[in-house]
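*Asks:* Numbering (full-length UniProt numbering), first residue to last: 1 to 327.
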């Protein structure tokens with residue numbers, strides 16, 4: 001029987017924001033490269049990385065392989081401190097809160113704590129979606145602290161998508177619709193299952209994804225916001241900075257340049273995912289000219305949620321590839 005321990009705590013960033021972290025480690029087997037896991041655009045960390053259902057915790061799987069793992073909630077998400085504006089009603093037209101570059105402060109606080117806690121000199125970073133963009137930024141700012149990078153369903157901004165974005169202004173496809181989305185968003189939990197269902201290429205969704213996984217994911221989203229049950233129907237808050245950055249990258253705008261990355265890089269690009277585009281990943285690979293290693297893993301017939309789909313739907317293969325890469 002494995003002995004993976006969990007510990008929840010907060011750290012302070014250099015700009016004095018309180019950031020929530022969950023640590024997972026296996027007692028007596030924690031000597032591999034320590035890891036930071038960073039969530040994506042709307043969803044806090046525990047929902048994506050540590051669900052209490054079989055095959056629902058990437059963090060636990062990594063801890064069993066010998067990594068000390070920190071799951072980070074960026075400012076404005078989950079259990080971390082939120083901007084004061086998020087305690088007030090949404091304000092359409094106001095600036096998006098918590099842009100991706102701000103989150104590099106949160107990542108750095110977690111990295112510094114993890115280095116001190118383990119005695120290691122460098123860490124590995126895993127980023128989901130725009131979280132992958134954020135760890136790209138971080139690795140370019142602090143190359144001396146990063147050994148490995150895993151970009152999962154990420155976006156780079158090296159390819160302008162031909163279709164109009166959902167987040168575009170109705171009068172200008174090149175402009176973010178600030179008037180509608182404003183400073184932060186209220187998200188329905190139904191959005192998760194609807195998006196997941198569109199990714200699965202068969203009618204029998206249960207054959208692809210455990211219904212208990214959806215329930216656990218949805219509950220974790222609500223649990224991550226103490227105000228979620230105060231609204232009817234329940235919803236959870238997320239700042240719109242990463243959403244605006246997602247829009248800008250979809251229009252071909254790079255937020256950083258990957259030639260500043262020197263670590264080993266693994267790009268995970270599932271075939272059925274609609275967020276990470278092949279053309280964009282090709283541009284990213286081309287720009288990763290100084291990376292120590294670049295591994296592109298593009299598994300066929302797999303979805304955006306490969307980490308939470310049934311093990312035989314690509315999860316087991318991805319974990320094996322990551323384990324090999326992280327040595």
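Don't be surprised by glycine CBs; every beta carbon is placed ideally from N, CA and C.
What residues in its chain sit with their C-beta under 8 Å from that of residue 21, if we drop five residues either side in the sequence?
*Replies:* The answer, listed in chain order, is 8, 9, 10, 11, 70, 71, 72, 73, 110, 113.
*Asks:* Can you tell me whether residue 144 is buried or exposed? The criterion is at least 16 other CB atoms within 10 Å of its CB, across all chains shown.
*Replies:* By the neighbour-count rule (16 or more Cβ atoms within 10 Å), residue 144 is not buried but exposed.
*Asks:* Look at the alpha carbon of residue 323 and the alpha carbon of residue 67, and state the distance between them as a whole number of angstroms.
*Replies:* So the alpha carbons of these two residues sit roughly 10 Å apart.
*Asks:* Quick one: residues in its chain with C-beta nearer than 6 Å to the C-beta of residue 131, no 5 flanking neighbours on either side, listed in chain order?
*Replies:* Result list for residue 131: 38, 39, 40, in chain order.
*Asks:* Do you know offhand how far residue 218's Cα is from residue 210's?
*Replies:* Going by the C-alpha atoms only, they are around 13 Å apart.
*Asks:* Please name the residue, chosen from 23, 167, 275, 233, that lies closest to residue 196 on a Cα-to-Cα basis.
*Replies:* Of the listed residues, the one whose Cα sits closest to residue 196 is 275.
*Asks:* Using the rule of at least 16 other Cβ atoms within 10 Å of the residue's Cβ for burial, across every protein chain shown, is residue 279 buried or exposed?
*Replies:* Residue 279 comes out exposed.
*Asks:* On the DSSP bridge assignment, give the partners of residue 125 in chain order.
*Replies:* According to DSSP, which records beta bridges pairwise, residue 125 is partnered with 36, 149.
*Asks:* According to DSSP, simplified to helix, strand and coil, what is residue 227?
*Replies:* Here residue 227 sits in coil by DSSP.
*Asks:* Can you name the start and end residues of the beta strand (DSSP E) that residue 325 belongs to?
*Replies:* First-last for residue 325: 315-325, but that is the alpha helix (DSSP H), not the beta strand (DSSP E).
*Asks:* Would you give the residue range spanned by the beta strand (DSSP E) that residue 21 belongs to?
*Replies:* Per DSSP, residue 21 belongs to the beta strand (DSSP E) from 18-26.
*Asks:* Evaluate the contact criterion for the stretch 242-249 versus the stretch 120-136: three or more CB pairs, one atom per stretch, below 8 Å.
*Replies:* Touching, per the Cβ criterion.
*Asks:* Could you spell out the range, first to last residue, of the beta strand (DSSP E) harbouring residue 68?
*Replies:* Per DSSP, residue 68 belongs to no beta strand (DSSP E) and is neither H nor E.
*Asks:* Grouping DSSP H, G and I as helix and E and B as strand, with all else coil, what is residue 291?
*Replies:* If DSSP states are grouped into helix, strand and coil, residue 291 belongs with coil.
*Asks:* Would residue 270 be called buried (16 or more neighbouring beta carbons within 10 Å of its own) or exposed?
*Replies:* Looking at its Cβ environment, which holds 16 or more other Cβ atoms inside 10 Å, residue 270 is buried.
*Asks:* Provide the residue span of the beta strand (DSSP E) that contains residue 186, from first to last.
*Replies:* Here the beta strand (DSSP E) through residue 186 covers 184-188.
*Asks:* For residue 247, report the span of its alpha helix (DSSP H) as first-last.
*Replies:* Note, residue 247: alpha helix (DSSP H), 241-250.
*Asks:* Please confirm if the stretch 282-296 is in contact with the stretch 259-266, defined as three or more CB-CB distances below 8 Å between the two stretches.
*Replies:* They touch, by the three-pair rule.
*Asks:* Assign residue 229 to one of two classes, buried (16 or more other C-beta atoms within 10 Å of its C-beta) or exposed (fewer than that).
*Replies:* Residue 229 should be labelled exposed.
*Asks:* My assumption, with CB atoms under 8 Å, is that residue 93 sits in contact with residue 179. Please give the rounded CB distance.
*Replies:* Yes, residue 93 and residue 179 are in contact; Cβ-Cβ is about 5 Å, under 8 Å.
*Asks:* Restricting to Cα atoms, I'd like to know which of 302, 216, 234, 257 is closest to residue 55.
*Replies:* Ranking the options by Cα distance to residue 55, first place goes to 216.
*Asks:* Is it buried or exposed, residue 185, if we count other Cβ atoms within 10 angstroms and call 16 or more buried?
*Replies:* Buried: at least 16 other Cβ atoms inside 10 Å.
*Asks:* List the residues that DSSP assigns as beta-bridge partners of residue 155.
*Replies:* Paired residues: none, contrary to the question.
*Asks:* Run the CB neighbour count on residue 3, radius 10 Å, all protein chains shown included, and call it buried at 16 or more, exposed below.
*Replies:* Exposed: under 16 other Cβ atoms inside 10 Å.
*Asks:* Only counting the same chain, and skipping five residues up and downstream in sequence, which positions put a Cβ closer than 6 Å to that of residue 225?
*Replies:* Excluding sequence neighbours, residue 225 sits near 236, 237.
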